[in-house]
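Step one of this worksheet: look at the structure below.
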Amino acid sequence: LVVPLSIAFLVALGKITECLRKHKTMQDGDKDWQETLWDEQVKEGENDVVSLAGSFLLVQTMRFLIGGTLPNAEGEEELDVLFQHDITEVLLMYLFGFACVGIVVFL
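Heads up: the sequence shown is residues 27 to 133, going by my numbering.
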């Protein structure tokens, strides 16, 4: 539930900033090449933010679902938990990783 909510929030925020950019660039009644370039660069940055946030949350969610513990803020597990995963959990994480690669390759 966190992943779709965060993506929806970031997309909505992107739409709001797009309206603000449109308002700012059309104040003089004309959109010149610099304003067009600004708009394109901001859109690319917004897409990168949505992708990074969504993928980070998806991976952290799957790590919790499969491994049963949440990693710390740096994405690392405590040493006492790190070496306690059984082979099923390890294989499920590999399967999830290969599934993500397959989705990227075939889309």
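Just so you know, even glycine gets a beta-carbon here, dropped at the ideal spot from N, CA and C.
All values derive from a computational prediction rather than experimental measurement.
Apart from the 5 residues on each side of it in sequence, Pro97 sits with its Cβ closer than 8 Å to the Cβ of Gln86, Arg89, Glu103 in its chain, given in chain order. Under the 10 Å beta carbon count, Gly71 is surrounded by fewer than 16 other beta carbons and is classified as exposed. Secondary structure note for Ala34: its alpha helix (DSSP H) is the uninterrupted segment 28-51.
With contacts defined as CB atoms closer than 8 Å, Arg47 and Val68 qualify as a contacting pair. Taking C-beta separations shorter than 7 Å and ignoring five residues to either side along the sequence, the partners of His111 in its chain run Gly93, following chain order. As the crow flies, the alpha-carbon of Asp74 is around 28 Å from that of Asp56. Per the C-alpha coordinates, the member of Leu83, Val116, Leu118 positioned closest to Glu100 is Leu83.
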